[in-house]
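Taken in sequence, the protein lines are chains E and R.
Under our numbering, the first residue of the first sequence carries the number 119, and numbering increases by one thereafter.
Under our numbering, the first residue of the second sequence carries the number 119, and numbering increases by one thereafter.
Quick reminder that beta carbons are idealized off the backbone N, C-alpha and C, glycines included.
A short write-up of the structure that comes next.
Protein chains: 2
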Amino acid sequence: MKLIEAKQQFISSWGAFGTHWGINRTMAQIHALLLISPDPITQDDIMEGLNISRGNTNMNIRELINWGLVDRVILPGERKEFFIAEKDIWKVVRQIVKERKKRELDPMLKLLDQLEDVDGDKRDKNVKTFVDTISGIKRLGLQADRTLDLMIKAEENWFVNNLIKLFK
Amino acid sequence: MKLIEAKQQFISSWGAFGTHWGINRTMAQIHALLLISPDPITQDDIMEGLNISRGNTNMNIRELINWGLVDRVILPGERKEFFIAEKDIWKVVRQIVKERKKRELDPMLKLLDQLEDVDGDKRDKNVKTFVDTISGIKRLGLQADRTLDLMIKAEENWFVNNLIKLFK
DNA sequence: ATTTATTTTCAGTAATTTTTGAAACTTCAA
DNA sequence: TTGAAGTTTCAAAAATTACTGAAAATAAAT
């Protein structure tokens, strides 16, 4: 397969993949393009590479920067801004885990705390089922929380090697 | 907080949560409603509980059944079909992991295999960056694949206890 | 067989999300 | 300052995704 063709394929698939995980297609595609670009590139490069508008490009780059996956770089002598993605995929994953945990898991746990102490008699099976469900989810959530925290701190090899040892 | 209010809150939040993970809002809400229902319920119960149409209800129940999260049950003497959700949240998570792995991770790994042997000289930095990116993702994907396979097979306590030990 | 209850399908509609592009804003060099 | 280059914003349009409801299909009862 030719490089140009493979790049297209990768960008397109990465975009489709993103949509299955609640990430918008264009954002994932910009990320893909940056991942396979050896050097920093500009907004115009991205617009051209993906055939998208300036506004769309700008918004999604900003979002990628917010997620901590992309950095703005200023090249000496250049007027335009350039962008570059973190290439170490393990760091990328840790960064995504960190952000999603903060944005989703933490608020969910807070909510579950409130829901857990609903009024009513636990002998009422409606109350019991509700409380049991909420408690079960909370317990799982707390475990995920702890595990992910440790994962975020861990070094790739340390984590992976241990997992391999553990499961072998 | 009153039970009825807490139920509403849970259903609504579970729906919102789902949308962040590529699951459609209604499907997640139906799942939530079933999780907190002590006894099996009918399509009409769901329609009424969530204020949605028959068609929508039917489609999303079918989807939940496909995901292995909900079962159809026939009650003796009843004409209508009833539905019930798996209540053990650890089983639910394993089932979701299993399905998403099959639907998303496996195809992605297959694609990466193809993309990895792109034509061209690795001394060309465009080729090198591309291949390195693809290889990095593939390596991570393979590790995730193995780990998740073991997780799917594992018992809750076994897995969690080991992780806790590992990270302490 | 016919009627009645229930489930499924799907074309059309509605809601939501994403994208565009032009105007406003900012930055910097002359 | 002024203006050219570059960036950001956001209302409107387009695209995508989800939902409705009535008709068709299926299943059970008489």
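Residues near residue i in its chain [Cβ-Cβ closer than 8 Å; skip 5 each side]
i	result
residue 143/R	133, 134, 136 and 137
residue 245/E	236, 238 and 239
residue 192/R	199 and 200
residue 249/R	234, 236 and 240
residue 111/R	The question about residue 111/R has no answer, for chain R in this structure spans 119 to 286.
residue 263/R	219, 223, 224 and 227
residue 213/R	185, 186, 187 and 204
residue 172/R	161 and 165
7 Å Cβ shell around residue i - same chain, five flanking residues per side excluded
i	result
residue 167/E	151
residue 176/R	161
residue 215/E	266, 269 and 270
residue 190/R	183, 199 and 201
residue 242/R	none
residue 253/E	234
Check whether residue i and residue j have beta carbons under 8 Å apart
i	j	result
residue 322/R	residue 258/E	What the structure shows of chain R is the stretch from 119 to 286, and residue 322/R is not part of that stretch, so it cannot be assessed.
residue 128/E	residue 164/E	no
residue 188/R	residue 170/R	no
residue 140/E	residue 185/R	no
residue 256/E	residue 230/E	yes
residue 251/E	residue 125/R	no
residue 305/R	residue 247/E	This structure gives no information on residue 305/R, because the portion of chain R shown stretches from 119 to 286.
residue 119/E	residue 232/R	yes
Backbone secondary structure at residue i - three-state DSSP
i	result
residue 134/R	helix
residue 269/R	helix
residue 189/E	strand
residue 202/R	strand
residue 159/E	strand
residue 250/E	helix
residue 197/R	coil
residue 165/R	helix
residue 139/E	coil
residue 238/R	coil
residue 120/R	coil
residue 170/R	coil
residue 154/E	coil
residue 229/E	helix
residue 286/E	Confidence at residue 286/E is low in this model, with a pLDDT of 48, below 50, so its placement is unreliable and no value can be given for it.
Integer-rounded CB distance, given that residue j should sit under 8 Å from residue i
i	j	result
residue 148/E	residue 182/E	6 Å
residue 226/R	residue 178/R	In fact, because the Cβ distance is near 26 Å, the residues do not count as touching under 8 Å.
Beta-carbon contacts of residue i that lie in its chain and below 6 Å, excluding the five residues immediately before and after
i	result
residue 219/R	266
residue 131/R	none
residue 217/E	185
residue 286/R	Low local confidence applies: a pLDDT of 48 at residue 286/R is under 50, so the model's placement there is unreliable, and no value is given.
(message) Output needed in chain order: residues of the segment 137-150 of chain E with a Cβ under 8 Å from some Cβ in chain R.
(response) Residues 137, 138, 139 and 140.
(message) To be precise: take each residue of the segment 200-217 of chain R, compare its Cβ to all Cβ atoms of chain E, and keep it if any distance is under 8 Å. Which residues remain?
(response) Per Cβ criterion, the list reads 205, 206, 207, 208 and 211.
(request) Mind checking the segment 223-234 of chain E against chain R and listing, in chain order, the residues whose C-beta falls within less than 8 Å of any C-beta there? (result) Answer set for the segment 223-234 of chain E: 226, 229, 232 and 233.
(request) Pull out every residue of the segment 120-138 of chain E whose Cβ sits closer than 8 Å to any Cβ of chain R, in chain order. (result) 120, 121, 124, 125, 127, 128, 131, 135, 137 and 138
(request) Mind checking the segment 162-176 of chain R against chain E and listing, in chain order, the residues whose C-beta falls within less than 7 Å of any C-beta there? (result) none
(request) Determine which residues of the segment 189-200 of chain E have a Cβ less than 9 Å from any Cβ of chain R, and write them out in chain order. (result) none
(request) Determine which residues of the segment 235-250 of chain E have a Cβ less than 7 Å from any Cβ of chain R, and write them out in chain order. (result) 236, 237, 238, 243, 244, 245, 247 and 248
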